[in-house]
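Data first, discussion second: the structure below is written as C-alpha cells.
2 protein chains.
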Amino acid sequence: MAEKLKIIPLGGLDEIGKNITVLEYGKDMIVVDCGVGFPDEEMYGVDLVIPDFTYLVNNQRKLRGFFITHGHEDHIGSIPYCMQQVNAPIHGTAMTCGLIKLKLEEHRLADKVKLITHKPGDTVKAGCFTVEFIHVNHSIADAVAFAIHTPVGTVIFTGDFKIDPTASDGMMDLARLGQLGNEGVLALLADSTNVERQGYTPSENTVAEGLDRQFKSCDQRIIVTTFASNMHRLAAVIATAERYGRKVAVTGRSMENMLKVAQELGYLKVKQGTIVDIAATKSLPKNKVVIVSTGSQGENMSALYRMAFSTHKQVDIAAGDRIIISASAIPGNEKAVSKIINELYRKGADVVYEKSEGLHVSGHACQEELKIVHALTKPKFFIPVHGEQRHLQLHGRLAKQMGMNPKNICIGEIGVGFELSKRSCKSAAPVPAGMVLVDGTGVGDVGSVVLRDRKHLAQDGMIVVCVNLSGQDGGVISGPDIITRGFIYVKESEELMDELRQVAMEAIERCQRKRIRDWTAIKSAIKNDLSGYLYKTTKRNPMILPVIMEI
Amino acid sequence: MAEKLKIIPLGGLDEIGKNITVLEYGKDMIVVDCGVGFPDEEMYGVDLVIPDFTYLVNNQRKLRGFFITHGHEDHIGSIPYCMQQVNAPIHGTAMTCGLIKLKLEEHRLADKVKLITHKPGDTVKAGCFTVEFIHVNHSIADAVAFAIHTPVGTVIFTGDFKIDPTASDGMMDLARLGQLGNEGVLALLADSTNVERQGYTPSENTVAEGLDRQFKSCDQRIIVTTFASNMHRLAAVIATAERYGRKVAVTGRSMENMLKVAQELGYLKVKQGTIVDIAATKSLPKNKVVIVSTGSQGENMSALYRMAFSTHKQVDIAAGDRIIISASAIPGNEKAVSKIINELYRKGADVVYEKSEGLHVSGHACQEELKIVHALTKPKFFIPVHGEQRHLQLHGRLAKQMGMNPKNICIGEIGVGFELSKRSCKSAAPVPAGMVLVDGTGVGDVGSVVLRDRKHLAQDGMIVVCVNLSGQDGGVISGPDIITRGFIYVKESEELMDELRQVAMEAIERCQRKRIRDWTAIKSAIKNDLSGYLYKTTKRNPMILPVIMEI
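Just so you know, the protein sequences line up as chains A and B, in that order. FYI, in our numbering the residues of the first sequence are 1 to 551. FYI, in our numbering the residues of the second sequence are 1001 to 1551.
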C-alpha cells in the first residue's frame, strides 16, 4: 500500500482558538500553528487552554518543524508550552517571529528554540514537505498562508485571512493561489470564522476614514482603544494624529510592546516627535493629544479600565474626552466592555463605539471572499477549519453551493485526522488529543474533578464539620464544630449553625447506636443528613466536608 | 413650604432590570413596577436580585398601591418578595394580572394580595394620585404607560414601549399622550433601552413576513424558539402554521403557561385542532409539524437545549429540521445560545438565526420613536429610566438635542429621588435602596463577604488543615491532615500534599518553640506559611482553612 498523507487537527475545530494541525507523511511530520484557547465561563480559575501535545511527544523523531501563519495568540500562544515537551525549528515571518521571541524569552526558552524568519514567497524544505509562504491580509501584519507541497499533492492552509485590495501592505497574493489552483491543489484548509457573514469584509482603510471623521470634529482629548496586535490600526491612528497636529502616547503593556516591536522592524512610519511619553500629555493642550490604550475587550486592569475607574496613574478621564473604541467585543466580553463604557459616560466622556461609525473592521473573510479563494484554488478536497461546528458546517455548505462534490467536503474533529492519497480522503484512526488546562504555573493538574468541585464551591460554598472521636469506643471527644465559607452570612445565621451542629451530632450518635465504626460510613451519614436538612430549609446545596480525627 | 412630589427610583437606573419607582406626596405613596434583576457573572450562586424594600416597609402606612406597566420579569418579578414585607393593592391590565397571579400562587400569596384588573383608558384613584392607563406597544401583550396626575402636575411613565403603527392590537395611544402634552406634563420618565439605536424599531408584523418566508420554503419539520412572554409572536407562528396546514405543539413550561393564560383570556385566535400535544407530533408527517419551544436564550435544560443535546423526552432533532430562532441573545447569553446552535448544526439541522432574515424585532423604541414621545408630551422635566449609565446619558442628550433646557434633564441614581414642585426639580435626600440577593429560599443572607468567598473558592479551591493540639502543653496529638477540594488533582500530586503537611507542621512547631498558645496566632502562621509556599510553587492562591481542635 502506498504511503498516505495524514492531516490531523489537534485543535481549532469545534472551537474558536487553539489552532494547531499536524501534517504527517512517512517519517516526516510538520505542525502548522500552535495556539492557545481561552477558558469558558465554566472553567473556574483556569488561565489558558492548550492542546494536548502527546501525539507530538510520541513522534518527536519525525518532527521537522513548526510553521506559524501569524502572531495572534490563538496561533502562537501554546508555543512555549509545546517547546517544553518537544523541540523543532519554528518558521514564521518577521512580525510573527518577533512576537514568538518575546514569548520564549518570558518562559526562558529563547536559547533552546531555533526561530527562523522568512518572507512571503520563500519556500522551506522540511523533510518530504516544501512549505511556501504566501502573503495574506489579516488584522495583524505579516500574516501568511502556506502552500505545502507533499508527495501526494499540494495542501493549502489559508490561516486567518481576508482579501483587502487596498491594504497598506498590498492585497493578499491571489495570483499565486490561482497559479497553484491551475497546477492542482489536493486539499484546502480554510478559515471559517466569518462564514456566517454575507458579502465582503470592508478594507482596513475604511477605518482610517472613520478615524479621520472623529478627529476632524473634535477639539478635545482623544483616546483610542484597539487590539494591541493590530499594527496597521495603530499606524492609522498615528497618521491621523499627525494630520491634525496631535501627539500620540500609548498606554498598556501589550500596546507598548507592539509599538516597540513595530518600530524595531521598521514597520511604523512615524515623524520625529509624534510619539510622546504618556506623562508628557498632561502639559499639552487637550486638542493636541491622542492616547492609544489597551482594554478594547474590557479587560480588568487594562489601561482603559484603569482610566475609567480612576486608577490610572497618568490619565484621568475628564468631561468632553472623546473615547474611540476601535474594536468589537469578542463573544463573552460584551458585558465587560459595556461596564467600562458606562463608567466613561458617567465621567461625562463622549464614547464612540457604534458599528455604524466605521471604526472597526473584521480581520476575517466573509462569504464572497471565501468563494474567491475556493474558486482560485479549486481543491480536490476541502477541510473547513478555525471555527465552531456551525462555522464548519456552513463553510461546507458554501463549498457545496460552489459545485464541490459533497463527498469531498471533510468536516473533521480534534484528534481524528484524514488520510489523503492523490484520489481519496478518508478518516484516520484517532490520536490522543484534547485540551490541557493551565492554572498558574500548573499545566494539566486541573481537570474535570477539580473543575466540578470549583463549580460546586462557587454555587453554594462549603461546610466543614470537624469532630474528634475516641479510638477506643468511637465516642465524641470534641465537636462537631461547623465552619462555613461562601455559604451564608454566619453572624446573622447563628440559629442555623446550631441546628447544623445538632443534625451532625444526631448522625454520629445514630451511627454509635448502630455500632458503626467505619469512618467512611460515619462521614456519609453526616453528609447525607446535613445536605438533606439544608436542602429542605434553604434550597441550597453547599459542599459538605466531614473531618473525623481519631484520638 | 408647600408639599413637594418625590419621585424615587429604587431600581432600574444604572442597570437593565429590577425596575421600581416610588411616587410620594404628603401622606400618599404609590409604586410603579416591581421587577427583578439577574445576577451578573461575579454573583456566584445567586438566583435573583431584588430591590431593597426598606423604604416601602418604613412607609407601609402611606402605601396606596402598586401600578404595573406590563408582565415581564423585570417589572413584576419582585412582587412576591415585596408582598412578604408590605401589602397594598396591585393594579394592572388583564395579561399583567394573569402573570402576577401565577407568581403569587407559586409563593402561596394569592389570598393575601388584592389584584385589580384594568383596561387602557381606565383611571384609578390612589390617595392624592390619579393613575391613568395608556395603551403602548411592547413585546408582551397588554403593556401600558401611566399618566399619573398629582397635586403638582402630571407625570408620565412610559414603561417599556415601542411605537408599532401596524400592531395587531393597535398602535400605542399617541393621541392621548399628545392631549396630555397640550394640557401640560410636569415630568416624563421614559424607557432608555434602545436609545443607542438610530431610526425606528420595525413592526412586530415584519416578523410574520419573515416567518412566512421560512415556512414557504420548507418541507421539513419546523421548530421555532422565542420568548415565551411574546404572545403576539406565538400568535404569528400559529397563524403561519395554519396557513401552511401545519399543526402546532408547544414545549417548555413557560411556553405552556403562556399558551394557557393567553387562551383563557381569549387573546389567541386558534382554529380547532391546530394545537396538538407534543407527543402527537411524532405520528404526523414532518412537513405538517411546527414545535414552539422555550430556550431562545440558550437556557440550560430549556426545551430547545434538551432537544439539541438529545435529552428531550418527545423530540429528537433530525437532519433537515428547520430551527428558527425568533429572538436575539440578551447580552451575556451569547455563548449559551451559540452552544445550542452548534449542537443543532452537528445533528444536521438547518438553523436560521441571522438578523437579516427578519425573524425578530426589539420591543423597545429607537431614537426616532423616543423623539416622537418627547415631542408629544413636551415635559417640563425629563428623567430617563430603564437603562445603564450610557443609556441614561444618551437619552439625556437626545432630549437636549430636541431643545430641552439641560437643567431640566435629571439623571438619577437608585435611592436618590427628585423633589418636584410645579417649577423645580431638585435631588432629594437619599433613602435606603440597593440590591438584595436571593439564593435558594434565602433572601438577603448572601452578601459581599459570602460572594467574595465563593469567588475565591471558584478561582483556586480550598485547603483544610486539621490538627489536634493538646490542651495541656499545646503539643500535636494528631495531624496535621490536609484535605483539598477544587485545588489540584490530588492522586497525581501526593508529593505536593506531603510538602504541604510538612510546611504546616513546621509552622506549628515554630509557634511551639516561641511558646505561642493563642490559637488564632497559630492558625495565622499555618495560613501564611502555606499560602506563601503555594504561591511560590504553583502561582495559585487557594482558600486555606486551618482547623485546630483541643484535646
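Don't be surprised by glycine CBs; every beta carbon is placed ideally from N, CA and C. Note that the coordinates shown come from a computational prediction; the quantities given were computed from them, not determined experimentally.
Near residue i, what residues of its chain come up, given a Cβ to Cβ distance below 8 Å and the 5 sequence neighbours on each side ignored?
i, result
"Lys1103 (chain B)", "Ile1076, Gly1077, Ile1079 and Pro1080"
"Lys1271 (chain B)", "Glu1242"
Since residue i is in the alpha helix (DSSP H), which residue starts that stretch and which ends it?
i, result
"Asp1212 (chain B)", "Asn1205 to Lys1216"
"Asp1460 (chain B)", "Ser1448 to Asp1460"
"Arg498 (chain A)", "One point to set straight first is that residue 498 (chain A) is Asp, not Arg, in the sequence displayed. Start and end: Glu494 to Arg513."
"Arg253 (chain A)", "Arg253 to Glu264"
"Val1554 (chain B)", "This structure cannot speak to residue 1554 (chain B), because chain B is shown only from 1001 to 1551."
"Ile409 (chain A)", "Note, Ile409 (chain A): premise wrong, no alpha helix (DSSP H); not H, not E."
"Gly1295 (chain B)", "First-last for Gly1295 (chain B): undefined, no H or E at that position."
Given residue i, which residues of its chain have a CB within under 7 Å of its CB, disregarding the five upstream and five downstream residues?
i, result
"Arg1510 (chain B)", "Ala1525"
"Ile1548 (chain B)", "Val1467, Leu1469, Trp1519, Ile1522 and Lys1523"
"Leu1180 (chain B)", "Ala1147, Thr1154, Ile1156 and Thr1377"
"Ile1516 (chain B)", "Ile1522"
"Val1036 (chain B)", "Gly1017, Lys1018, Leu1048, Val1049, Ile1050, Glu1073, Asp1074, Gly1077 and Ser1078"
"Met43 (chain A)", "Leu437 and Leu451"
"Phe381 (chain A)", "Leu186, Ala187, Asn408, Cys410, Leu420 and Cys425"
"Ile317 (chain A)", "Met307, Ala308, Leu344, Lys347 and Ala349"
"Gln60 (chain A)", "Val86"
For residue i and residue j, what's the separation of their Cα atoms in angstroms?
i, j, result
"Thr1154 (chain B)", "Ile1134 (chain B)", "14 Å"
"Arg1452 (chain B)", "Gly486 (chain A)", "7 Å"
"Ile1372 (chain B)", "Gly444 (chain A)", "59 Å"
"Asn333 (chain A)", "Lys288 (chain A)", "32 Å"
"Arg1346 (chain B)", "Ile411 (chain A)", "10 Å"
"Cys577 (chain A)", "Asp1460 (chain B)", "Outside the shown range of chain A (1 to 551) lies residue 577 (chain A), about which nothing can therefore be said."
"Leu1398 (chain B)", "Ile1007 (chain B)", "22 Å"
"Val552 (chain A)", "Lys1313 (chain B)", "Residue 552 (chain A) lies beyond the stretch modelled for chain A, which goes from 1 to 551, so this question has no answer here."
"Val1136 (chain B)", "Tyr489 (chain A)", "44 Å"
"Gly1295 (chain B)", "Lys1339 (chain B)", "12 Å"
"Thr537 (chain A)", "Lys527 (chain A)", "15 Å"
"Ala236 (chain A)", "Ser293 (chain A)", "14 Å"
"Thr225 (chain A)", "Ile325 (chain A)", "5 Å"
"Asn230 (chain A)", "His395 (chain A)", "26 Å"
"His1391 (chain B)", "Lys335 (chain A)", "14 Å"
When the Cα of residue i is compared with those of the options, which residue comes out closest?
i, options, result
"Ser302 (chain A)", "A:Leu234, A:Glu368, A:Ala504 and A:Ala228", "A:Ala228"
"Ile278 (chain A)", "A:Gln263, A:Thr251 and A:Asn300", "A:Thr251"
"Lys1004 (chain B)", "B:Ile1020, B:Gly1026, B:Val1022 and B:Ala1249", "B:Gly1026"
"Gln472 (chain A)", "A:Ala262, A:Gly434, A:Gln512 and A:Ala187", "A:Gln512"
"Gln1297 (chain B)", "B:Met1307, B:Leu1265, B:Thr1281 and B:Ile1330", "B:Ile1330"
"Glu1357 (chain B)", "B:Met1497, B:Pro1009 and B:Val1207", "B:Val1207"
"Gly11 (chain A)", "A:Glu41, A:Ile30 and A:Val49", "A:Val49"
"Ala507 (chain A)", "A:Lys380, A:Gly532 and A:Asp169", "A:Gly532"
"Thr130 (chain A)", "A:His149, A:Lys114 and A:Asp122", "A:His149"
"Pro546 (chain A)", "A:Leu500, A:Lys536, A:Tyr535 and A:Thr537", "A:Leu500"
"Val361 (chain A)", "A:Ala433, A:Lys455 and A:Asn205", "A:Asn205"
"Phe160 (chain A)", "A:Asn300, A:Val385, A:Glu343 and A:Asp111", "In the sequence as displayed, the identity of residue 160 (chain A) is Asp instead of Phe. Checking every option, the nearest Cα to that of Asp160 (chain A) belongs to A:Val385."
"Phe215 (chain A)", "A:Glu196, A:Thr240, A:Ala327 and A:Leu234", "A:Thr240"
"Gln401 (chain A)", "A:Gln502, A:Gly442 and A:His374", "A:His374"
"Lys1455 (chain B)", "A:Ile20, A:Thr21, A:Val32 and A:Glu41", "A:Glu41"
The beta strand (DSSP E) that contains residue i, what's its start and end?
i, result
"Gly332 (chain A)", "Taken as a continuous stretch (DSSP letters only), Gly332 (chain A) belongs to no beta strand (DSSP E), as it is neither H nor E."
"Lys426 (chain A)", "Cys425 to Ser427"
"Lys479 (chain A)", "The sequence shown places Gly at residue 479 (chain A), not Lys. That run of the beta strand (DSSP E) goes Val476 to Arg485."
"Ser1531 (chain B)", "Unbroken run through Ser1531 (chain B) is the alpha helix (DSSP H), Trp1519 to Thr1538; no beta strand (DSSP E)."
"Asp1350 (chain B)", "Asp1350 to Val1352"
"Arg1390 (chain B)", "Where Arg1390 (chain B) is concerned, there is no enclosing beta strand (DSSP E), although the alpha helix (DSSP H) it sits in stretches over Gln1389 to Gln1401."
Going by beta carbon distance, what residues of the same chain come within less than 6 Å of residue i, once the five residues before and after it are set aside?
i, result
"Asp350 (chain A)", "Arg322"
"Gly184 (chain A)", "none"
"Gly1415 (chain B)", "Pro1430, Val1431 and Ala1433"
How many whole angstroms separate the CB atoms of residue i and residue j, which I take to be in contact at a CB cut-off of 8 Å?
i, j, result
"Lys114 (chain A)", "Ile90 (chain A)", "7 Å"
"Ile477 (chain A)", "Ile551 (chain A)", "5 Å"
"Ile291 (chain A)", "Ile223 (chain A)", "5 Å"
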